[in-house]
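A short worksheet on the structure shown next.
Residue numbers (the working numbering): 6 to 245.
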């Protein structure tokens with residue numbers, strides 16, 4: 006492979022051009038929680054041909070500059086995460102939860118794995134709800150303050166938790182927990198596939214779960230690979 010892909014991490018590639026997320030998803034490559042791996046290592050982990058992945062990446066047309074989240078101001082990036090991804094999660098959790106409960110009631114005798122899916126999704130939802138609240142009430146306001154102080158060049162923001170890396174480590178751990186919960190659900194549902202005897206609601210719910218996972222991948226990527234590194238740099242005196 007040739008530069009820049011031979012030395013770039015998966016997270017850096019997606020941060021530079023978010024359209025590459027769809028390519029990585031198509032190859033089964035984790036670009037959010039596993040975004041710090043090199044492309045070569047990520048391809049090896051997913052057992053896919055690295056050259057085929059690079060060919061697909063290079064086939065993309067040049068991206069419009071405004072689509073590059075890595076260039077957004079911190080305030081815009083946080084607003085996007087909250088207004089797009091947090092809002093989606095809050096809307097989707099109760100809706101998918103109701104659908105799963107309905108499936109377990111109607112199909113649980115023939116598909117006992119649904120009981121585990123319902124429980125796992127409930128735990129996942131509770132964890133994400135608390136997680137988003139901590140970000141919105143504690144971490145994100147502090148990162149906004151860091152950016153504001155950097156623009157004014159008037160000293161650092163006062164931290165309630167020592168270095169910003171402390172809450173970031175906690176958020177990244179909770180991201181991994183959410184990803185593991187969805188991985189369990191994906192395995193139990195055969196890749197979000199409705200069984201032959203499933204009803205229309207079964208198919209719709211599997212599609213909703215697949216979309217939930219796709220959104221979470223993008224959500225976590227923007228935090229782990231774009232916002233959090235920028236927050237660490239701002240705290241250390243950078244100006245991004």
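Built from N, CA and C at the ideal position, the CB exists for glycine as well.
Buried or exposed: where does residue i fall if 16 or more other Cβ atoms within 10 Å of its Cβ makes it buried?
| i | result |
| --- | --- |
| residue 121 | exposed |
| residue 140 | buried |
| residue 35 | buried |
| residue 219 | exposed |
| residue 64 | exposed |
| residue 17 | buried |
| residue 228 | buried |
| residue 185 | exposed |
| residue 155 | buried |
| residue 246 | Because the chain spans 6 through 245 in this model, residue 246 falls outside it and cannot be assessed. |
| residue 130 | buried |
| residue 55 | buried |
| residue 78 | exposed |
| residue 166 | exposed |
Here's a check: name, in chain order, each residue in its chain whose Cβ is nearer than 8 angstroms to the Cβ of residue i, leaving out the five neighbours to either side.
| i | result |
| --- | --- |
| residue 8 | Only weak support is given to the placement of residue 8: the predicted model assigns it a pLDDT of 49, under 50, and the value that follows is read from those uncertain coordinates. Taken in chain order, the list of residues that qualify is empty. |
| residue 173 | 144, 233, 236, 237 |
| residue 26 | 19, 36, 222, 223, 226 |
| residue 104 | 206, 209, 210, 213 |
| residue 32 | 48, 51, 53, 57, 58, 61 |
What span of residues does the alpha helix (DSSP H) with residue i cover, start to end?
| i | result |
| --- | --- |
| residue 120 | 118–139 |
| residue 28 | 25–31 |
| residue 98 | 92–112 |
| residue 234 | 233–240 |
| residue 143 | No alpha helix (DSSP H) contains residue 143, which DSSP labels as neither H nor E. |
| residue 208 | 205–226 |
| residue 1 | Residue 1 is absent from the structure shown; the chain starts at 6 and stops at 245. |
In this structure, how does DSSP classify residue i when only helix, strand and coil are distinguished?
| i | result |
| --- | --- |
| residue 52 | coil |
| residue 36 | coil |
| residue 195 | coil |
| residue 78 | coil |
| residue 150 | helix |
| residue 169 | coil |
| residue 174 | helix |
| residue 63 | helix |
| residue 181 | helix |
| residue 57 | helix |
| residue 155 | helix |
| residue 201 | coil |
Please go through the same chain and pick out, in chain order, the residues whose beta-carbon is closer than 7 angstroms to the beta-carbon of residue i, but skip the five residues on each side of it.
| i | result |
| --- | --- |
| residue 231 | 20, 74, 75, 82 |
| residue 170 | 237 |
| residue 211 | 194, 197, 198, 199 |
| residue 189 | 125 |
| residue 208 | 199 |
| residue 80 | 149, 152 |
| residue 113 | 119, 120 |
| residue 93 | 220 |
| residue 41 | 14, 16 |
| residue 132 | 179, 182, 183 |
| residue 3 | The chain is shown from 6 up to 245; residue 3 falls before or after that span and cannot be answered. |
| residue 177 | 229 |
Per DSSP, which one or two residues make a beta bridge with residue i?
| i | result |
| --- | --- |
| residue 14 | 43 |
Considering only residues of the same chain and omitting the five flanking positions on each side of residue i, which have a CB-CB separation below 6 angstroms?
| i | result |
| --- | --- |
| residue 3 | A query on residue 3 cannot be resolved here, the shown segment of the chain reaching from 6 to 245 and no further. |
| residue 245 | Residue confidence for residue 245 is low, a pLDDT of 46 falling below 50, so the modelled location carries little weight and cannot support an answer. |
| residue 136 | 179 |
| residue 47 | 15, 34 |
| residue 175 | none |
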